[in-house]
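Asker:
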Amino acid sequence: MKKTDKKIPDNKGHFGQYGGRFVPETLMPALIELDKAYNKYKKDKNFLAELVLLQKDYIGRPTPLYLAKNLTKLVCGAKIYLKREDLCHTGAHKINNAIAQSLLAKKMGKTRIIAETGAGQHGVATATGAALAGLECEVYMGTDDMKRQSLNVFRMRLLGAKVTGVPIGSKTLKDAINEALRDWTANVENTHYVLGTAFGPHPYPMMVRDFQSVIGKEARKQILKAEGKLPNCLIACVGGGSNSIGLFYAFLKDKIRMIGVEAGGHGIRSGKHAARFAGGSIGVFQGCKSYLLQDKDGNVLGTHSVSAGLDYASVGPEHCYLRDLEKIEYTYATDKEALNAFELLSNTEGIIPALESAHAVAEAVKVASTMPKNSVIIVNLSGRGDKDVEQVAKIKGITL
159 MKKTDKKIPD NKGHFGQYGG RFVPETLMPA LIELDKAYNK YKKDKNFLAE LVLLQKDYIG
219 RPTPLYLAKN LTKLVCGAKI YLKREDLCHT GAHKINNAIA QSLLAKKMGK TRIIAETGAG
279 QHGVATATGA ALAGLECEVY MGTDDMKRQS LNVFRMRLLG AKVTGVPIGS KTLKDAINEA
339 LRDWTANVEN THYVLGTAFG PHPYPMMVRD FQSVIGKEAR KQILKAEGKL PNCLIACVGG
399 GSNSIGLFYA FLKDKIRMIG VEAGGHGIRS GKHAARFAGG SIGVFQGCKS YLLQDKDGNV
459 LGTHSVSAGL DYASVGPEHC YLRDLEKIEY TYATDKEALN AFELLSNTEG IIPALESAHA
519 VAEAVKVAST MPKNSVIIVN LSGRGDKDVE QVAKIKGITL
């Protein structure tokens with residue numbers, strides 16, 4: 159493993175050669191205002207006390223670290239623990255960041271928040287945060303994702319949010335982010351953009367990572383209590399990369415194998431996937447420099463994943479930096495492997511995982527079988543699969 163720099167990111171949001179701020183001039187004042195506010199409130203005792211209380215009494219933290227005995231027995235290798243972010247209020251890790259950013263927006267004097275969403279979980283989390291903080295809320299969502307995640311669209315509206323469909327481009331997360339950025343540019347005085355993953359212009363990758371790092375901090379304490387040692391391996395799915403960096407961050411100084419699992423879709427050769435490290439190259443996209451699925455002329459390529467939350471053309475810049483340092487390995491699981499893991503965890507443990515999380519479970523099954531029985535894996539179960547049940551049934555040809 160190569161050595162890390164002392165200050166990551168730097169003051170301009172660079173993770174080595176990645177990250178930064180690549181935005182129109184009209185957005186720079188808003189990003190600078192947000193950067194100053196975040197740096198102020200992350201040290202503010204009252205803000206932190208309010209956030210910790212909400213994490214405990216509203217989100218339901220700490221989430222359990224569960225030993226999946228049946229899955230471990232089936233795989234016949236390393237012990238597999240699940241960090242149960244699916245048990246957070248609203249059903250996914252997204253609420254950790256959304257509540258924190260909603261609280262920050264209110265401290266900044268904003269009256270309106272906007273968000274983008276792919277799988278709908280970030281949209282639901284943001285709508286929840288807005289309702290709690292008494293803020294107006296509008297969520298942008300690709301129209302294809304709205305069809306795949308109609309239950310979450312209804313939940314957002316029930317929570318008082320306006321859900322605006324984006325019927326252009328790939329009609330997925332990429333286009334929803336573009337529309338949210340346009341809205342923010344036009345309404346920056348009263349509006350805060352709750353970006354949902356560790357991506358975009360500085361300070362978002364750093365801020366989202368920090369708000370999600372509670373996952374790894376808890377997991378570290380819990381596994382030391384349960385096993386008396388640190389895990390041998392950490393595994394998490396990677397779309398934009400917020401749940402994975404949230405788990406990995408507390409372990410970066412340790413000698414632990416870490417694996418990020420991207421969406422392999424129909425396989426890399428098919429071109430229908432969202433595996434940026436396996437099939438992408440370095441480029442600038444939606445506010446930062448990162449790995450990106452693009453053609454030789456720099457045009458962003460279409461993506462595919464059975465999981466709406468992983469169906470994105472780029473990845474958070476810190477992941478690229480950590481990959482270059484050989485601190486984190488990145489691989490992918492195909493749609494078929496994720497669907498098999500979706501059913502496997504449901505059948506063995508009585509836990510229906512989000513399709514995003516199922517990608518991580520698929521990798522855990524592969525890796526655990528190659529490891530000694532006294533070794534330990536932690537899988538971040540980033541969300542629950544209620545939202546995906548109808549889609550999986552449709553894929554299997556079952557009418558509900």
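Using the numbering used here, read the sequence shown as starting at 159 and increasing by one per residue.
We treat Cβ as the ideally placed atom computed from N, Cα and C, and that holds for glycine.
Residue range of the alpha helix (DSSP H) that L309 falls in?
Answerer: Start and end: 308-316.
Asker: Return yes when the Cβ of I426 is within less than 9 Å of the Cβ of G441, no when it is not.
Answerer: No; because the gap between Cβ atoms is not below 9 Å, this pair is not in contact.
Asker: Is the number of C-beta pairs between the stretch 255-274 and the stretch 329-345 that are closer than 8 Å three or more?
Answerer: Yes, they touch.
Asker: By alpha-carbon positions, which one of T528, K545, V473 ends up nearest to G235?
Answerer: Taking only the C-alpha atoms, the option nearest G235 is T528.
Asker: Looking at the ligand SAM, does it come within less than 8 Å of H280, judged from the CB to the closest heavy atom?
Answerer: With respect to the ligand SAM, the structure shown offers nothing to examine, as it has no ligands at all.
Asker: Once you ignore the five residues that flank G323 on each side, which residues in its own chain have a CB closer than 7 Å to its CB?
Answerer: Once the five neighbours on either side are set aside, the close Cβ partners of G323 are M299, T301, M304.
Asker: Does DSSP put F443 in a helix, in a strand, or in coil?
Answerer: Looking at F443 - three-state DSSP - the assignment turns out to be strand.
Asker: In or out: G278 buried (at least 16 other Cβ within 10 Å) or exposed?
Answerer: Buried, since its Cβ has 16 or more Cβ neighbours within 10 Å.
Asker: Is the beta carbon of G404 less than 9 Å from the beta carbon of Q380?
Answerer: Against a cut-off of 9 Å, the Cβ pair of Q380 and G404 comes out as no contact.
Asker: Could you tell me the alpha carbon to alpha carbon distance between A377 and G171, rounded to whole angstroms?
Answerer: Each residue's alpha carbon lies about 27 Å from the other.
Asker: Go through its chain and collect everything with a Cβ distance to E191's Cβ below 8 Å, but skip five positions before and after it.
Answerer: Within the same chain, E191 has close Cβ partners M266.
Asker: Taking the alpha-carbon of A471 as reference, which of Y479, H477, H462 has the nearest alpha-carbon?
Answerer: For the residues Y479, H477, H462, the minimum Cα distance to A471 belongs to H462.
Asker: Check whether the Cβ atoms of H360 and R179 lie closer than 9 Å to each other.
Answerer: Their beta carbons are under 9 Å apart, which means H360 touches R179 by this criterion.
Asker: Determine the closest residue to K268 out of G445, A195, D412, with distance taken between C-alpha atoms.
Answerer: Nearest C-alpha to K268: A195.
Asker: If you draw a straight line from the C-alpha of K203 to the C-alpha of A258, how long is it?
Answerer: Using only the alpha carbons, I get a separation of about 14 Å.
Asker: Within this structure, are the beta carbons of L245 and L212 separated by less than 9 Å?
Answerer: The answer is no: Cβ separation not under 9 Å.
Asker: Determine, using beta carbons only, whether T489 and E521 come nearer to each other than 9 Å.
Answerer: Against a cut-off of 9 Å, the Cβ pair of E521 and T489 comes out as a contact.
Asker: Jot down the residue ranges of each uninterrupted alpha helix (DSSP H) in the stretch 349-420, minimum 4 residues, whole runs only, in chain order.
Answerer: List check, alpha helix (DSSP H) in window: 362-370, 372-385, 400-406.
Asker: Run the CB neighbour count on P530, radius 10 Å, all protein chains shown included, and call it buried at 16 or more, exposed below.
Answerer: With fewer than 16 Cβ atoms within 10 Å of its Cβ, P530 is classed as exposed.
Asker: Would you mind stating whether G422 and A491 have Cβ atoms separated by less than 9 Å?
Answerer: Contact flag set, yes.
Asker: Under 6 Å Cβ to Cβ from V311, same chain only, skipping five residues before and after it: list those, please.
Answerer: Cβ within range, chain order: M304, V321.
Asker: Pull up the distance between the alpha-carbon of L353 and that of K485, whole angstroms please.
Answerer: In a straight line, the C-alpha of L353 is about 26 Å away from that of K485.
Asker: Would L539 and L240 qualify as a contact pair, given that the criterion is a beta-carbon distance under 9 Å?
Answerer: Yes, these two residues count as a Cβ contact at 9 Å.
Asker: According to the Cβ coordinates, are T330 and G399 closer than 9 Å?
Answerer: No; because the gap between Cβ atoms is not below 9 Å, this pair is not in contact.
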